[in-house]
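>
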Amino acid sequence: SAVISQKPSRDICQRGTSLTIQCQVDSQVTMMFWYRQQPGQSLTLIATANQGSEATYESGFVIDKFPISRPNLTFSTLTVSNMSPEDSSIYLCSVMTPDTQYFGPGTRLTVL
Amino acid sequence: QKEVEQDPGPLSVPEGAIVSLNCTYSNSAFQYFMWYRQYSRKGPELLMYTYSSGNKEDGRFTAQVDKSSKYISLFIRDSQPSDSATYLCAMTTSGTYKYIFGTGTRLKVLA
Chain A
9 SAVISQKPSR DICQRGTSLT IQCQVDSQVT MMFWYRQQPG QSLTLIATAN QGSEATYESG
69 FVIDKFPISR PNLTFSTLTV SNMSPEDSSI YLCSVMTPDT QYFGPGTRLT VL
Chain B
7 QKEVEQDPGP LSVPEGAIVS LNCTYSNSAF QYFMWYRQYS RKGPELLMYT YSSGNKEDGR
67 FTAQVDKSSK YISLFIRDSQ PSDSATYLCA MTTSGTYKYI FGTGTRLKVL A
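Those protein sequences? They're chains A and B, same order as listed.
Heads up, the first sequence is in the working numbering, so the first residue is 9 and it goes up one at a time.
Heads up, the second sequence is in the working numbering, so the first residue is 7 and it goes up one at a time.
Below is the structure:
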């Protein structure tokens, strides 16, 4: 298993600003993922972040809007840039282990 | 049609009841099936995962996969108020990390 922490746990931001979310894992993992969870919708994969390479973004998500860093095997950040109210959501970090995926507690973002 | 369909609920049951949660899917290539439990304001927590068809039991929880019907189930025996949460199914094909999630079923176990 893996223990994952995220910071901040929640935030309220103004339109047009940016927020960086941090994800820390208690063990070294190759693959980390960022998801978005909106009410009544499935978890949506934003991107995959592997250490030492650029993140791979899913359809509908672009690097300019959601830049990701992955400086080492236990840490990653996701930035939500130039935010609008439509970005209000829960953002989840996840890691892949030999068993399956484990999730962090999430960051609840509200954009006014 | 979504790849994975899951009734959003809410499903309310009395304490001690047997709960059945289900997902249907359309992609016959799915081989790995997961159930996650998510408490309010928390991240999803892995409950069980199974490979291919069959049953898997862990305490009060039983996961069942019927690939011929493209249907998976999670049974909770002797349900407790602490089981009140949203249950997400997820599935993936062999050799990929991309999980496809259901929308989740909200379960309420009434004391």
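Just so it is clear, CB atoms sit at the ideal spot from N, CA and C, and this is done for glycine as well.
Predicted, not measured: the structure shown is a model, and the values here were computed from it.
Per the DSSP calculation, residue 74(A) is bridged to which residue(s)?
Residue numbering aside, residue 74(A) sits at position 66 when the first sequence is read from its first letter. Answer is none; residue 74(A) lacks a bridge partner.
> Output, in sequence order along the chain, the residues in the stretch 83-111 of chain A whose CB is closer than 9 Å to any CB in chain B.
Residues 98, 100, 101, 102, 104, 107, 108, 109, 110 and 111.
> When DSSP builds the beta bridges, which residues end up paired with residue 19(A)?
Looking up residue 19(A) in the first sequence gives position 11. 117(A), per the DSSP bridge assignment.
> Considering only C-alpha positions, which residue in the set 56(B), 11(B) and 45(B) is nearest to residue 32(B)?
Numbered from its first residue, the second sequence carries residue 32(B) at position 26. Checked all of 56(B), 11(B) and 45(B); the closest Cα to residue 32(B) is 11(B).
> Can you pull the DSSP bridge partners for residue 62(B)?
Against the second sequence, residue 62(B) aligns to sequence position 56. BP columns for residue 62(B) point to 69(B).
> Comparing C-alpha positions only, which one of 117(A), 112(A), 116(A) and 119(A) sits nearest to residue 9(A)?
Along the first sequence, one-based indexing puts residue 9(A) at 1. Among 117(A), 112(A), 116(A) and 119(A), the Cα nearest to that of residue 9(A) is on 112(A).
> Mind listing, in chain order, the continuous beta strand (DSSP E) runs of no fewer than 3 residues lying wholly within the stretch 77-106 of chain A?
Complete beta strand (DSSP E) runs here, min 3: 83-88 and 97-104.
> Should residue 37(A) and residue 104(A) be called a contact, given that it needs their Cβ atoms to be closer than 8 Å?
Residue mapping note: residue 37(A) aligns to position 29 of the first sequence, counting from 1. Residue mapping note: residue 104(A) aligns to position 96 of the first sequence, counting from 1. Yes, they are a contact pair.
> For residue 73(A), which residues in the same chain have their Cβ closer than 6 Å to its Cβ, ignoring the five residues on either side in sequence?
Indexing the first sequence from 1 puts residue 73(A) at position 65. So the qualifying residues of the chain are 89.
> Could you tell me the alpha carbon to alpha carbon distance between residue 24(B) and residue 85(B), rounded to whole angstroms?
For this step, residue 24(B) is matched to residue 18 along the second sequence. For this step, residue 85(B) is matched to residue 79 along the second sequence. Looking at the two C-alpha atoms, the distance is approximately 6 Å.
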